[in-house]
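Peer 1: The structure is given below, and queries will be raised subsequently.
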Amino acid sequence: GGGGGGGANAAFTGSKPALSRGVKGFTDSYMRYGQTEEPSIPVAELFPNGGFPMGEEQEHPGAYNTYRIGSEEKKAADRMQEDLYDKVRHASEVHRQVRRWAQSWIKPGIKLIDMCEAIEEKNRQLVQESGLKAGIGFPTGCSVNHVAAHFTPNGGDQTVLKEGDVMSIDFGTQIDGRIIDCAWTVCFQEQFDPLLEATREATDVGIRTCGIDVPLNEVGAAIQEVMESYEVTIDGVTYPVKCVRNLTGHSIGPHQIHAGKSVPIVAGGDATRMEENEFYAVETFGTTGRGHVIEDMECSHYMKNFNAPHVPLRMPSSKRLLGHINKTFGTLAFCRRWLERDDGGSAAVNGSNGQQTKYLGALKNLCDNNIVQAYPPLVDKVGSYVSQYEHTILLRPTCKEVISRGDDY
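Letter by letter, the sequence shown follows residues 7 to 415 in the numbering used here.
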């Protein structure tokens with residue numbers, strides 16, 4: 007791998023423990039690369055010659071894949087894509103440093119909106135935000151308790167993290183539209199540990215099961231078997247841990263977070279196979295509830311449809327908002343908070359005059375015209391707890407690389 011900055015010390019594993027459960031290791035482990043505490047040096051400057059840290063390499067499962075690791079032809083195919091690999095490893099290292107830093111201060115009493123804004127600001131700083139070329143992959147999800155996904159605070163939200171909460175944090179980094187999608191769960195009470203462990207373990211087994219020519223339904227079956235072998239006792243009541251059966255992982259394409267294939271987290275799906283050179287977000291959701299989510303609550307997440315039709319828009323406000331979305335986010339997901347920022351979501355693109363005002367009618371019009379899609383929060387039943395762990399993996403010709411793997415999960 008590449009060098010490090012002046013203070014680089016490859017052996018340093020860190021000294022500060024996380025303030026939450028659900029992650030291993032030390033939060034300041036990025037100092038081994040010469041990063042400051044708190045991180046302030048853009049990750050590209052820590053590795054001036056490229057050679058960003060590699061993720062975890064695993065062999066592709068199946069006897070029919072054993073030849074790959076030693077095949078000269080496959081190694082040559084690997085070498086031809088070094089530039090792409092370096093790009094996604096760069097984005098992954100940004101993700102690791104941002105999340106390790108966040109784990110050093112996330113604790114009960116913080117406002118979710120302050121937490122999300124701090125994570126996003128650090129993300130912009132370390133990735134050197136430059137519009138569609140580099141930046142945030144999608145809004146910071148902070149889904150608490152019975153909320154499973156797609157929640158981020160809208161402006162003015164005063165929700166505070168509580169000591170008895172279980173919160174998944176799902177954020178993304180992107181370089182040249184190559185998105186790293188990676189999530190973990192935060193809690194502060196030991197009683198929730200089995201729920202988090204079930205989900206982390208299910209995600210890891212799902213990752214181990216993935217590989218070139220592996221049918222997607224085999225991954226779902228392996229995940230479900232592990233997840234549902236756990237139970238968790240909360241306030242004296244014992245619950246079986248269930249998979250949220252209508253949530254899935256997904257293939258990822260350039261500027262396309264959901265690229266068309268789904269990675270189920272229960273058995274019985276279709277037998278579509280994974281293919282060489284595909285990227286996947288492998289994510290699992292464990293719940294004490296029904297194991298089924300529905301849309302509920304105020305929407306915060308939106309994304310331009312990847313194949314959005316060219317509709318003649320009548321409302322001038324809709325045309326303006328679409329122009330703003332096209333240049334600022336393209337087909338990457340965004341949230342209402344970002345539209346309300348001075349920079350409208352990107353200082354590199356809009357400077358300090360990107361703020362959108364009175365935009366809700368225009369946004370609804372874009373959704374009604376199928377140009378933009380709304381993604382409301384997904385929730386299990388009130389009173390339940392949902393946990394999530396997720397990594398982005400790449401099915402390289404020679405092996406499978408868990409590019410977002412860290413010393414935390």
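By construction, the Cβ of each residue, glycine as well, lies at the ideal position given by its N, Cα and C atoms.
When the distance is taken between beta carbons, is Ile218 closer than 8 Å to His66?
Peer 2: Cβ distance < 8 Å, so His66 and Ile218 count as in contact.
Peer 1: Across which residues does DSSP place Ser257 in a beta bridge pair?
Peer 2: Note: Ser257 sits in a beta bridge opposite Tyr286.
Peer 1: Within 10 angstroms of its Cβ, does Asp386 collect 16 or more other Cβ (buried), or is it exposed?
Peer 2: By the 10 Å Cβ count, Asp386 comes out buried.
Peer 1: Just tell me which of Ala97, Asp210, Gln394 has its CA closest to the CA of Lys406.
Peer 2: Looking at the Cα atoms, Asp210 is the closest of the given residues.
Peer 1: Let me make sure I understand the geometry here. Which of Gly367, Gln379, Glu396, Gly351 has the alpha-carbon closest to that of Glu123?
Peer 2: With distances taken between Cα atoms, Glu123 lies closest to Gly351.
Peer 1: Which runs of the alpha helix (DSSP H) fall wholly inside the stretch 44 to 102 and span at least 4 residues, in chain order?
Peer 2: Within the stretch 44 to 102, the complete alpha helix (DSSP H) runs of at least 4 residues are 49 to 52, 78 to 85.
Peer 1: Does the distance from the C-beta atom of Tyr391 to that of Asn151 stay below 8 Å?
Peer 2: Yes, Cβ-Cβ distance for Tyr391 and Asn151 is below 8 Å.
Peer 1: Between which two residues does the alpha helix (DSSP H) harbouring Val388 extend?
Peer 2: Looking at the DSSP string, Val388 is not in any alpha helix (DSSP H), and its letter there is neither H nor E.
Peer 1: Determine the burial state of Gly9: buried for a count of at least 16 other Cβ atoms within 10 Å of its Cβ, exposed for fewer.
Peer 2: Only weak support exists for where Gly9 lies, its pLDDT of 40 falling under 50; the value from the coordinates is given anyway. Exposed is the call here.
Peer 1: Please state whether DSSP places Glu203 in a helix, a strand or coil.
Peer 2: Helix.
Peer 1: So if DSSP puts Val238 in a beta bridge, which residue, or which two residues, is it bridged to?
Peer 2: Bridge partners of Val238: Tyr245.
Peer 1: Comparing alpha-carbon positions, which option in Gln262, Leu372, Asn15 lies nearest His330?
Peer 2: If we check each option's Cα against that of His330, Leu372 comes out closest.
Peer 1: Does DSSP put Phe198 in a helix, a strand or coil?
Peer 2: In this structure, Phe198 counts as helix in the three-state DSSP scheme.
Peer 1: Buried or exposed for Pro270, going by 16 or more other Cβ atoms inside 10 Å?
Peer 2: Buried.
Peer 1: Could you check which residue in Lys81, Glu127, Ser35 has the C-alpha nearest to that of Gly141?
Peer 2: Closest by alpha carbon: Glu127.
Peer 1: In the structure shown, what three-state DSSP assignment does Val166 receive?
Peer 2: If DSSP states are grouped into helix, strand and coil, Val166 belongs with the strands.
Peer 1: Starting from Lys310, follow the beta strand (DSSP E) in both directions and report where the run begins and ends.
Peer 2: Unbroken beta strand (DSSP E) run through Lys310: 307 to 310.
Peer 1: Where are the alpha helix (DSSP H) runs, 4 residues long or more, that stay fully inside the stretch 320 to 351, in chain order?
Peer 2: Listed in chain order, the complete alpha helix (DSSP H) runs (minimum 4 residues) inside the stretch 320 to 351 are 322 to 334, 342 to 345.
Peer 1: With DSSP as the reference, please indicate the residues paired to Gly367 in a beta bridge.
Peer 2: For Gly367, which the question treats as bridged, DSSP gives no partner whatsoever.
Peer 1: Give the range of the alpha helix (DSSP H) segment to which Ile263 is assigned.
Peer 2: Taken as a continuous stretch (DSSP letters only), Ile263 belongs to no alpha helix (DSSP H), as it is neither H nor E.
Peer 1: Which residue's Cα is closest to the Cα of His256: Gln87, Glu237, Thr278?
Peer 2: Cα-wise, what sits closest to His256 is Thr278.
Peer 1: Between the stretch 19 to 30 and the stretch 184 to 198, can you find at least three pairs of beta-carbon atoms closer than 8 Å?
Peer 2: Enough Cβ pairs lie closer than 8 Å, so yes.
Peer 1: Tell me the DSSP secondary structure of Glu407 in three-state form.
Peer 2: Reduced to three states, the DSSP call for Glu407 is strand.
Peer 1: Could you tell me which of Pro23, Ser35, Leu25 sits nearest to Ala17, measuring between CA atoms?
Peer 2: Comparing Cα positions, the closest option is Ser35.
Peer 1: Please report the distance separating the alpha-carbon of Phe349 from that of Ala24.
Peer 2: The question names Phe, but residue 349 in the sequence shown is Asp. One C-alpha to the other measures close to 32 Å.
Peer 1: So what does Ser416 bridge to, in DSSP terms?
Peer 2: Missing from the structure shown is residue 416; the chain here goes from 7 to 415 and no further.
Peer 1: Going by DSSP, what residue range makes up the beta strand (DSSP E) through Asp34?
Peer 2: That residue, Asp34, is in no beta strand (DSSP E); it is neither H nor E in DSSP.
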